[in-house]
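Residue numbers (the working numbering): 11 to 439.
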């Protein structure tokens with residue numbers, strides 16, 4: 011999937027009507043935002059567009075899972091007030107619908123330079139019911155039967171996608187093929203630039219670090235990255251299936267992926283053929299299940315194995331040193347997934363040690379370092395590592411899919427960079 015796409019900075023949007031797809035999916039209780047962190051990702055693009063003096067900017071987003079029907083528990087209205095406060099604007103116009111004559115009229119009548127927030131896209135079943143890439147899903151409005159995408163096209167000239175986190179979804183608002191001009195916002199532009207480097211133009215030596223628990227899901231990334239990297243670390247719960255198959259280790263009640271197990275010996279042989287060094291843990295901190303804040307921890311080595319009713323909860327000290335040495339050699343690092351059950355303080359040393367070393371390597375080696383996946387991003391936020399690495403992806407599952415080599419509908423639909431249309435003075439400088 012080509013990752014070089016037209017961006018908002020390539021466009022002349024002065025006096026144009028701009029539709030901006032963002033991710034404002036944030037927790038709301040009793041009509042109040044309880045965590046507005048997600049909003050801050052979108053602010054850079056919103057401010058940039060407003061500075062270009064457009065006719066107006068319309069924000070569209072999803073919130074929660076209202077299952078295609080209007081539900082006041084999932085209204086986006088409280089977000090308008092928070093946006094107004096953060097942006098220090100006199101008004102953010104909230105419209106309690108997404109499409110239709112009333113929305114069109116209110117957009118048309120809005121003052122020059124308005125910021126408009128439409129109601130939750132997920133109130134419309136047509137938004138997320140698996141429509142085709144050609145946008146064939148239809149909805150019935152008072153104006154007649156039209157596509158959701160063409161309904162949005164009636165209120166805007168330019169479509170900008172800045173929601174990397176939802177770009178893997180085959181949603182109408184992700185595609186917006188009714189728009190001739192479809193570009194990336196600043197958040198999406200930055201994501202694509204880093205993943206372009208990771209997949210096609212990395213610095214060497216190149217190290218990828220895998221952790222977490224979902225081996226079936228991660229195996230797609232591991233396979234896709236194998237021909238690209240120089241070294242690979244496999245830790246966390248992923249490692250137990252590898253160690254049981256390759257070393258005959260007893261893994262107790264740790265996670266074991268039976269479907270993936272038959273392919274791992276062949277995987278290691280391909281790694282050897284490609285001269286990729288694969289690092290696996292040599293020791294672990296283990297604990298009894300169920301895990302609690304008061305759980306005990308014991309250090310075991312691979313040869314010792316893990317007894318029944320116990321699980322591997324974090325990598326051991328020798329493993330951490332082994333992994334740190336590999337990190338310090340690297341000039342390009344992608345990290346996806348924690349080394350242990352980081353939610354419990356007793357089992358944070360592995361993940362925190364990896365984070366600290368990745369941060370140090372970013373500084374000392376001038377390495378490019380990318381953190382992907384929700385748990386990895388959570389670790390960075392928890393221990394103050396966000397500013398110490400090159401990039402923490404906002405993508406969650408989208409970043410997993412892009413590293414696995416999968417096409418993201420919300421990215422595929424965007425235009426490639428071009429210069430021959432710059433003569434169109436309505437849209438371009």
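C-beta atoms are modelled at their ideal positions from N, C-alpha and C, and glycine is treated no differently.
Determine the burial state of residue 158: buried for a count of at least 16 other Cβ atoms within 10 Å of its Cβ, exposed for fewer. Numbered from its first residue, the chain shown carries residue 158 at position 148. Here residue 158 is buried, its C-beta having at least 16 other C-beta atoms within 10 Å.
Under a three-way DSSP split, which group does residue 178 fall into? Walking along the chain shown from the start, residue 178 turns up at place 168. DSSP, read as helix, strand or coil, puts residue 178 in coil.
I'd like to check one pair, residue 113 with residue 170: are the Cβ atoms closer than 8 angstroms? What you label residue 170 is simply residue 160 of the chain shown in a count that begins at 1. What you label residue 113 is simply residue 103 of the chain shown in a count that begins at 1. No.
Between residue 337 and residue 202, which are expected to be in contact by the criterion C-beta below 8 angstroms, what is the C-beta distance as a whole number of angstroms? Translated into positions along the chain shown, residue 337 becomes position 327. Translated into positions along the chain shown, residue 202 becomes position 192. So it is not a contact: roughly 25 angstroms between Cβ atoms.
Going by DSSP, what residues sit across from residue 294 in a beta bridge? Sequence index remark: in the chain shown, residue 294 carries index 284 (1-based). Paired residue(s): 310 and 325.
Span of the beta strand (DSSP E) around residue 171: Taking the first residue of the chain shown as 1, we reach residue 171 at position 161. Run containing residue 171: 168 to 171, per the beta strand (DSSP E) assignment.
Let me know the alpha helix (DSSP H) ranges lying completely inside the segment 22 to 73, each 4 residues or longer, listed in chain order. Within the segment 22 to 73, the runs of alpha helix (DSSP H) at least 4 residues long that lie entirely inside it are, in chain order, 47 to 61.
Does the segment 322 to 330 come into contact with the segment 287 to 306, if we say contact requires no fewer than three beta-carbon pairs (one atom in each stretch) closer than 8 angstroms? By the C-beta criterion, the segment 322 to 330 is judged to be in contact with the segment 287 to 306, since at least 3 inter-stretch pairs fall below 8 angstroms.
If contacts are defined as beta-carbon pairs under 8 angstroms, then residue 212 and residue 243 qualify, I think. What distance do you get, rounded to the angstrom? If you number the chain shown from 1, residue 212 lands on position 202. If you number the chain shown from 1, residue 243 lands on position 233. By a beta-carbon distance limit of 8 angstroms, residue 212 does not contact residue 243. Their separation comes to about 16 angstroms.
Looking at the structure shown, is residue 247 part of a helix, part of a strand, or coil, going by DSSP? The count along the chain shown starts at 1 and reaches residue 247 at position 237. In the three-state reduction of the DSSP assignment, residue 247 falls in the coil class, being assigned neither a helical nor a strand state.
How is residue 104 classed by DSSP in three states: helix, strand or coil? As a first step, residue 104 is located in the chain shown; it is residue number 94 there, counting from the start. Strand at residue 104.
Taking the alpha helix (DSSP H) that residue 408 belongs to, which residues open and close that run? The residue given as residue 408 occupies position 398 in the chain shown. Segment 407 to 413, the alpha helix (DSSP H) holding residue 408.
So residue 128 is in the alpha helix (DSSP H); what residue range does that whole segment cover? For the purposes of this step, residue 128 is identified with residue 118 of the chain shown, where counting begins at 1. No alpha helix (DSSP H) contains residue 128, which is instead part of the beta strand (DSSP E) from 124 to 128.
Just checking my contact of residue 192 with residue 423 at CB under 8 angstroms: how many whole Å lie between their CB atoms? For this step, residue 192 is matched to residue 182 along the chain shown. For this step, residue 423 is matched to residue 413 along the chain shown. The pair is a contact, with the Cβ atoms about 6 angstroms apart (cut-off 8 angstroms).
Mind checking whether residue 343 and residue 312 have CB atoms under 8 angstroms apart? For the purposes of this step, residue 343 is taken as residue 333 along the chain shown, with counting starting at 1. For the purposes of this step, residue 312 is taken as residue 302 along the chain shown, with counting starting at 1. It is not a contact, given that the beta carbons lie outside the stated cut-off.
Please specify which runs of the alpha helix (DSSP H), each continuous and at least 4 residues long, are wholly inside the segment 331 to 370, giving them in chain order. Fully contained in the segment 331 to 370 is no alpha helix (DSSP H) run of length 4 or more.
Residue 229: which of 273, 259 and 209 sits nearest, CA to CA? Sequence index remark: in the chain shown, residue 229 carries index 219 (1-based). Of the listed residues, the one whose Cα sits closest to residue 229 is 273.
Below 8 angstroms on the Cβ atoms is my guess for residue 123 versus residue 66; work out the distance and round it to an integer in Å. Taking the chain shown and counting its residues from 1, the one referred to as residue 123 is at position 113. Taking the chain shown and counting its residues from 1, the one referred to as residue 66 is at position 56. Here residue 123 really is in contact with residue 66; their C-beta atoms are around 7 angstroms apart, less than 8 angstroms.
Would you give the residue range spanned by the alpha helix (DSSP H) that residue 386 belongs to? The residue labelled residue 386 in the question sits at position 376 within the chain shown. Segment 384 to 392, the alpha helix (DSSP H) holding residue 386.
At which residue ranges does the segment 195 to 251 contain complete beta strand (DSSP E) runs of 3 or more residues, listed in the order of the chain? Taken in chain order, the unbroken stretches of beta strand (DSSP E) that lie wholly in the segment 195 to 251 and span 3 residues or more are 216 to 220 and 241 to 244.
Measure the CB-CB distance between residue 305 and residue 266 and report whether it falls below 8 angstroms. Against the chain shown, residue 305 aligns to sequence position 295. Against the chain shown, residue 266 aligns to sequence position 256. The answer is no: Cβ separation not under 8 angstroms.
From what residue to what residue does the alpha helix (DSSP H) around residue 113 run? Here the question's residue 113 lines up with position 103 in the chain shown. Here the alpha helix (DSSP H) through residue 113 covers 111 to 119.
Tell me the rounded alpha-carbon separation between residue 245 and residue 376. Within the chain shown, numbered from 1, the residue matching residue 245 stands at position 235. Within the chain shown, numbered from 1, the residue matching residue 376 stands at position 366. Near 25 angstroms, if we compare the C-alpha coordinates of residue 376 and residue 245.
Rounded to whole angstroms, what is the Cα-Cα separation between residue 326 and residue 38? In the chain shown, the residue the question calls residue 326 occupies position 316. In the chain shown, the residue the question calls residue 38 occupies position 28. As the crow flies, the alpha-carbon of residue 326 is around 40 angstroms from that of residue 38.
How big is the Cα-Cα spacing for residue 117 and residue 224? Within the chain shown, residue 117 is the residue found at index 107, counting from 1. Within the chain shown, residue 224 is the residue found at index 214, counting from 1. For the pair residue 117 and residue 224, the Cα-to-Cα distance works out to about 45 angstroms.
Indicate the three-state DSSP secondary structure (helix, strand or coil) for residue 193 in the structure shown. Counting from 1 along the chain shown, the entry for residue 193 is found at position 183. For residue 193, the three-state secondary structure derived from DSSP is strand.
With distances taken from CA atoms, which of 188, 18 and 137 is nearest residue 76? Taking the chain shown and counting its residues from 1, one reaches residue 76 at position 66. Relative to residue 76, the option among 188, 18 and 137 whose CA is nearest is 137.
Roughly how many angstroms lie between the CA atoms of residue 70 and residue 81, to the nearest whole one? The residue labelled residue 70 in the question sits at position 60 within the chain shown. The residue labelled residue 81 in the question sits at position 71 within the chain shown. The C-alpha of residue 81 is placed about 17 angstroms away from the C-alpha of residue 70.
Would you mind working out which of 83, 63 and 179 sits nearest residue 25, comparing C-alpha positions? Here residue 25 refers to the residue found at position 15 of the chain shown. Residue 63 holds the alpha-carbon nearest to the alpha-carbon of residue 25 among 83, 63 and 179.
Mind checking residue 501: buried by the 16 CB within 10 Å criterion, or exposed? Examination of residue 501 is not possible in this model, given that the chain is present from 11 through 439 alone.
Would you mind stating whether residue 360 and residue 350 have Cβ atoms separated by less than 8 angstroms? Here the question's residue 360 lines up with position 350 in the chain shown. Here the question's residue 350 lines up with position 340 in the chain shown. Here residue 360 is near residue 350, since their CB atoms are less than 8 angstroms apart.
The beta strand (DSSP E) with residue 288 in it runs from where to where? Here the question's residue 288 lines up with position 278 in the chain shown. Looking at the DSSP string, the run of the beta strand (DSSP E) that includes residue 288 is 287 to 289.
Going by DSSP, what residue range makes up the beta strand (DSSP E) through residue 404? Here residue 404 is taken as the residue at index 394 of the chain shown, counted from 1. Here residue 404 belongs to no beta strand (DSSP E), and DSSP marks it neither H nor E.
Would residue 4 be called buried (16 or more neighbouring beta carbons within 10 Å of its own) or exposed? Beyond the ends of the chain as shown, which are 11 and 439, falls residue 4; an answer cannot be given.
Just checking my contact of residue 286 with residue 233 at CB under 8 angstroms: how many whole Å lie between their CB atoms? Residue mapping note: residue 286 aligns to position 276 of the chain shown, counting from 1. Residue mapping note: residue 233 aligns to position 223 of the chain shown, counting from 1. Actually they are not in contact, since the Cβ atoms of residue 286 and residue 233 sit about 12 angstroms apart, beyond 8 angstroms.
Identify whether residue 4 lies in helix, strand or coil by the three-state DSSP scheme. As displayed, the chain neither begins before 11 nor continues past 439, which places residue 4 out of reach and without an answer.
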